[in-house]
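Peer 1:
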Ligand code: HEM
Ligand code: SF4
Ligand code: FES
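Protein chains in written order, with this note's numbering: chain A, 580 to 849; chain B, -6 to 250.
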């Protein structure tokens, strides 16, 4: 048997945030969309609506997307108040129209955070995440030929946990969903992903201190441990990584305060 | 940045301050409740306890200063972080939705500030005597200890000690006013709700929590908050139900004033 919600076409009212550009006033505008195939994706539905708008000579709705298969983190709509819309562990591009009912009013807004300024309509500038990454989301390594595989053994549980953290696609839904627009889940994922691996140890303390400082300076909010972030995350990154980062941060502040200073005699074979 | 800078200026640092001061305050309110429950014993107990605390002198002031500093830091951090959080959202969502945040977690500011208002009233009531001055301990006839008051087996206040402040009668007479009692009950109820999220939250903030521990920690938080609330409810509850009665001599004196 085939479920009815996958066979019957549906009509909806789209209530979309329209904003001509950065720092322009924005407002919600309603659009009717009729006879939609329930198996089209949410973004395909926006494509259809945009085709109609273009034919009418109106400005199409600007929205961000790239891979459309949940791996790039570009799509970024808040649908009915939930970042990435209905469903658990999926991005906006993985939402299908069968998740809605005929006659629904669907409210679509951009991710809302001061640190993610609106570019146009539903598109936000999330380059603040790049700045956090640049502050410490890397390891310093020799360039050149790739190192031998398995030259540096990593215990399997650590590798698995690091992979869980590395699954973060940097979409920003955690910030959008957080009651305080905090970036703690993203930063925790990035800090943990490298901090769990042997390659990440040399810069571990410096990494967590620098990434948190940059996060604060960019105007993200502060965590209140309500876990809206992990509930909205398309990759189901767990807030256990936030606890881990808090622990790492406290340790790093203490270690950096009591670290012995090098003598500065040069050392080596001088 | 140095240690102080990391703690007082960063997001996580100020959260840690809030968690540590919150933990100190939990220790205080729990100890305070245990002390107060002595009201269900003979007046020698709670009056002797009061006399003992005052006899500590400088030590009592050290404890008070730690508590005052904790309250100030806790509220400073809460307020500073909240103001930043409002700014961080900018434009609010047109369609508001909560996936899983608990009511207790979303009411932290409300419960916190009401508890603060209660705290100030409470000090005015039983410590300074600005509210219900007629039945304030300094204005009630003084009490003479009927038996020894012991702390950890040692005699702290000897039987027959005169001029002891009558905490027992002050509390019982104060709670005979149903409005005062109701305010206390509501305030400790809100504090219990504050702690419901607060206890959970402080483990996360200090990094002492993961999926394996969270269910157990939450159960501990629920039980502690329930016990704390019921323990606090018992005192005004027993007075209103007539189970705790003032001792006759003091009542007569209080009414004579
Ligand atoms: C006896 C009084 C109080 C006790 C025992 C207490 C205890 C706690 C504890 C243990 C936490 C968790 C710390 C964390 O990890 O974030 C907390 C958080 C908090 N408290 Fe209090 N608190 C008290 C009074 C207040 C007052 C007067 C305010 C007034 C603003 C307040 C506002 C807050 C806020 C906003 C949070 C943060 C909640 C969050 O992160 O979600 N508290 N409190
Ligand atoms: S933690 Fe999850 S919600 Fe946040 S940026 Fe990464 S993938 Fe997106
Ligand atoms: S478009 Fe790439 S994750 Fe949605």
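For every residue, glycine included, the Cβ atom is placed at its ideal position computed from N, Cα and C.
Following the continuous alpha helix (DSSP H) through residue 196 of chain B, name the residue where it begins and the one where it ends.
Peer 2: 171 to 198 is the span of the alpha helix (DSSP H), which, as asked, contains residue 196 of chain B.
Peer 1: Does DSSP put residue 8 of chain B in a helix, in a strand, or in coil?
Peer 2: Residue 8 of chain B falls in the helix class under three-state DSSP.
Peer 1: Could you tell me which uninterrupted alpha helix (DSSP H) segments, each at least 4 residues in length, are contained entirely in the region 606 to 661 of chain A, listed from first to last along the chain?
Peer 2: Runs of the alpha helix (DSSP H) inside the region 606 to 661 of chain A: 621 to 634.
Peer 1: Whether or not the region 79 to 86 of chain B and the region 691 to 699 of chain A are in contact is what I'm after, with contact meaning three or more pairs of Cβ atoms, one per stretch, closer than 8 Å; do they touch?
Peer 2: The region 691 to 699 of chain A, when compared against the region 79 to 86 of chain B, does touch it at the 8 Å Cβ threshold.
Peer 1: Using a Cβ-Cβ cut-off of less than 9 Å, give me the residues of the region 738 to 751 of chain A that come near chain B, in sequence order.
Peer 2: Cβ contacts with chain B: none found.
Peer 1: Counting contacts by CB-CB distance shorter than 8 Å, is residue 200 of chain B in contact with chain A?
Peer 2: Yes, because at least one Cβ of chain A sits closer than 8 Å to the Cβ of residue 200 of chain B.
Peer 1: Mind pulling the alpha helix (DSSP H) runs of 4 or more residues that sit fully within the region 760 to 801 of chain A?
Peer 2: Within the region 760 to 801 of chain A, the complete alpha helix (DSSP H) runs of at least 4 residues are 763 to 774, 783 to 796.
Peer 1: Would you kindly work out how many angstroms separate the C-alpha atoms of residue 780 of chain A and residue 670 of chain A, rounded to a whole number?
Peer 2: Distance between the alpha carbons of residue 780 of chain A and residue 670 of chain A is about 32 Å.
Peer 1: Can you pull the chain B neighbours of residue 770 of chain A, defined as C-beta to C-beta under 9 Å?
Peer 2: Correct list: empty, because the minimum Cβ distance to chain B is about 11 Å.
Peer 1: Extract the residue ranges of the alpha helix (DSSP H) inside the region 804 to 841 of chain A, only unbroken runs of 4 or more that lie entirely within it.
Peer 2: 807 to 811, 819 to 837, all fully within the region 804 to 841 of chain A.
Peer 1: Report yes or no: do three or more beta-carbon pairs, one from the region 826 to 840 of chain A and one from the region 195 to 207 of chain B, lie closer than 8 Å?
Peer 2: Cβ pair count under 8 Å is three or more, so yes.
Peer 1: Does the region 677 to 687 of chain A come close enough to the region 647 to 661 of chain A that 3 or more CB-CB pairs lie under 8 Å?
Peer 2: With a cut-off of 8 Å, the region 677 to 687 of chain A and the region 647 to 661 of chain A count as touching, because enough Cβ pairs lie within range.
Peer 1: Taking its Cβ as the centre, do 16 or more other Cβ atoms sit within 10 Å of residue 35 of chain B, making it buried, or is it exposed?
Peer 2: When all chains shown are included, residue 35 of chain B counts as exposed.
Peer 1: Is residue 724 of chain A near residue 788 of chain A, with beta carbons less than 8 Å apart?
Peer 2: No, Cβ-Cβ distance for residue 724 of chain A and residue 788 of chain A is not below 8 Å.
Peer 1: Cβ atoms of residue 163 of chain B and residue 133 of chain B: under 8 Å apart, would you say?
Peer 2: Their beta carbons are under 8 Å apart, which means residue 133 of chain B touches residue 163 of chain B by this criterion.
Peer 1: Against chain B, does residue 758 of chain A count as a neighbour if the rule is that its beta carbon must be under 8 Å from one of theirs?
Peer 2: Cβ-Cβ to chain B under 8 Å: yes for residue 758 of chain A.
Peer 1: Would you call the CB atoms of residue 744 of chain A and residue 764 of chain A closer than 8 Å?
Peer 2: No, Cβ-Cβ distance for residue 744 of chain A and residue 764 of chain A is not below 8 Å.
Peer 1: In angstroms, rounded to a whole number, what distance separates the CA positions of residue 232 of chain B and residue 21 of chain B?
Peer 2: So the two alpha carbons sit approximately 24 Å from each other.
Peer 1: Is the CB of residue 602 of chain A under 8 Å away from at least one CB in chain B?
Peer 2: Output row for residue 602 of chain A: interface = no.
Peer 1: Out of A/727, A/678, A/664, state which residue places its alpha-carbon closest to the alpha-carbon of residue 89 of chain B.
Peer 2: Checking every option, the nearest Cα to that of residue 89 of chain B belongs to A/664.
Peer 1: Do you know whose CA, among A/803, A/737, A/601, lies nearest residue 11 of chain B's CA?
Peer 2: Measuring from the Cα of residue 11 of chain B, the nearest candidate turns out to be A/803.
Peer 1: In angstroms, rounded to a whole number, what distance separates the CA positions of residue 613 of chain A and residue 602 of chain A?
Peer 2: Roughly 33 Å separates the two Cα atoms.
Peer 1: Check whether the Cβ of residue 765 of chain A sits closer than 7 Å to any heavy atom of ligand 2, and report yes or no.
Peer 2: Yes, Cβ of residue 765 of chain A sits closer than 7 Å to a heavy atom of ligand 2.
Peer 1: Does residue 630 of chain A get closer than 8 Å to chain B when you measure Cβ to Cβ?
Peer 2: Answer no: the Cβ-Cβ gap between residue 630 of chain A and chain B never drops below 8 Å.
Peer 1: Can you look up residue 125 of chain B in the DSSP assignment and give me helix, strand or coil?
Peer 2: If DSSP states are grouped into helix, strand and coil, residue 125 of chain B belongs with coil.
Peer 1: What does residue 607 of chain A touch in chain B if you count any residue whose Cβ is under 7 Å from its own?
Peer 2: Within 7 Å Cβ-Cβ: 87.
Peer 1: Any heavy atom of ligand 3 closer than 7 Å to the beta-carbon of residue 670 of chain A?
Peer 2: Flag set: Cβ of residue 670 of chain A near ligand 3.
Peer 1: Cβ of residue 187 of chain B less than 8 Å from any chain A Cβ?
Peer 2: No, its Cβ sits nowhere closer than 8 Å to a Cβ of chain A.
Peer 1: Comparing the C-beta of residue 47 of chain B with each C-beta of chain A, is any distance below 8 Å?
Peer 2: Judged by the 8 Å Cβ criterion, residue 47 of chain B is not in contact with chain A.
Peer 1: Determine, for residue 849 of chain A, whether the minimum Cβ-Cβ distance to residues of chain B falls below 8 Å.
Peer 2: Note that residue 849 of chain A has pLDDT 49, beneath the 50 cutoff, so the model's placement of it is unreliable and no number is given.
Peer 1: I need the DSSP call for residue 236 of chain B, collapsed to helix, strand or coil.
Peer 2: Of the three classes helix, strand and coil, the one that applies to residue 236 of chain B here is coil, per DSSP.
Peer 1: Could you have a look at residue 104 of chain B and say whether DSSP puts it in helix, strand or coil?
Peer 2: It is helical.
Peer 1: Could you check which residue in B/135, B/179, B/185 has the C-alpha nearest to that of residue 161 of chain B?
Peer 2: Of the candidates B/135, B/179, B/185, the one whose C-alpha sits nearest the C-alpha of residue 161 of chain B is B/135.
Peer 1: According to DSSP, what are the bridge partners of residue 69 of chain B?
Peer 2: Paired residue(s): none; residue 69 of chain B is not in a bridge.
Peer 1: Got a sec: is the Cβ-Cβ distance from residue 250 of chain B to anything in chain A below 8 Å?
Peer 2: Residue placement at residue 250 of chain B is flagged as unreliable, the pLDDT there being 40, under the threshold of 50; a coordinate-derived value is accordingly withheld.
Peer 1: On the criterion of 16 or more Cβ atoms from any shown chain inside 10 Å, does residue 172 of chain B qualify as buried, or is it exposed?
Peer 2: Residue 172 of chain B is exposed by the Cβ-count criterion.
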